[in-house]
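Quick note on numbering: the sequence shown equals residues 1 to 225 in UniProt numbering.
For every residue, glycine included, the Cβ atom is placed at its ideal position computed from N, Cα and C.
The structure appears right after this line, and notes come after that.
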Amino acid sequence: MIIKLTPGSIGLSANFTNTFPPSCNHVYRFEYNSPEKVIFEINLVEANVYSDQSIASVSLPLEWFPKDQIVRMWFPLKPARPGISDLLVLLDIHLAFQTAEFQAPFGNMLVKPKWQIPDYLWRLNPQAPNQNTYSNIRYPMSQQTAGPMYPAQYPVPMYPNQNGGWNYNQGHMGGSPQYMGQPPGGVNAQQPIYPPPQINYPRVPAPGQPPPGSNSQWGGQPYYH
């Protein structure tokens, strides 16, 4: 797996364990000043003697995540080529400004996830990251003061395209953007739609919303259309 922030950083890699499901307790550390317009890229690759072959990838805006809280969430990855099954990756993401790295309470994304997560995945008991295993990179510090964190325009994963940009996947996710709390100008992260995804994830629905994962089917159609 290769992870980096764009623009301006190099990719950092770590290996998965040979278990089922595969896991990687590596902690990636990036330094930055403000999350606005910063993209968190994840690329799952298969390493061999001659080269690394991409399997699947996804890109996430950092402004989806609250400061000084740990967000644990399953994210769908886009297959790099036909014949690869739908994949999800469980990540712990912590934007540490006033708290020590991964020494903070669990929180929620600032946007409501639009992808479906099978019920059985919430019952997994992931191992906590090894605090002594780090990859370090100094991300260029912004000259701007960190401002309020607003939800991204489209609260769905973005996938890298061949032109160096990102494609928003709205076809499979469906519907218009739905924010947690209020839209820009009045963001209220204290009204979560999803509770912190911890062990024995409590599926508490928001008003008018079905419980997360109540439709345990992945959908049957490729989510990258």
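Neighbourhood of residue i by C-beta, 6 Å cutoff - its chain only, sequence neighbours within 5 removed
i: Q98; result: D68
i: P79; result: A56
i: Q153; result: Low local confidence applies: a pLDDT of 37 at Q153 is under 50, so the model's placement there is unreliable, with the coordinate-based value given in what follows. Result list for Q153: empty, nothing under 6 Å.
i: L60; result: F40
i: F47; result: For the record, residue 47 in the displayed sequence is Ala; it is not Phe. Counting only Cβ-Cβ distances below 6 Å, and skipping sequence neighbours, we find nothing.
N- and C-terminal bounds of the beta strand (DSSP E) containing residue i
i: Y28; result: 27 to 31
Residue i - partner residues in DSSP beta bridges
i: W74; result: L90
i: D52; result: A47
i: F40; result: L5, L60
i: P21; result: Paired residue(s): none; P21 is not in a bridge.
i: L121; result: The partner list for L121 (beta bridge, DSSP) is empty, contrary to what the question assumes.
i: S13; result: I2
i: F106; result: I70
Own chain residues within Cβ distance below 8 Å of residue i, not counting five before or after
i: L88; result: W74, F75, P76, L77, I117, L121
i: S85; result: P79
i: A104; result: D68, Q69, I70, H94, A96
Collapsed DSSP secondary structure at residue i in the structure displayed
i: P79; result: strand
i: S34; result: coil
i: G208; result: A caution first: G208 carries a pLDDT of 41, below 50, which makes its placement in the model too unreliable to give a value.
i: N136; result: Residue confidence is low: N136 scores 41 on pLDDT, short of 50, so the model does not pin down where it sits. No coordinate-derived value is stated.
Proximal residues to residue i (C-beta, below 7 Å), its chain only, five neighbours per side dropped
i: T6; result: I39, E41
i: P35; result: L62, E63, L95, M149
Within-8 Å CB hit, residue i to chain B
i: S85; result: In the displayed structure, chain B is absent; only one protein chain is listed.
Residue i CB to nearest heavy atom of the ligand MN below 7 Å
i: V38; result: The ligand MN is absent from the structure shown, which contains no ligands of any kind.
Check: Per the contact definition of three or more C-beta pairs closer than 8 Å, is the stretch 43 to 57 in contact with the stretch 94 to 114?
Finding: At 8 Å Cβ cutoff, the stretches do not touch.
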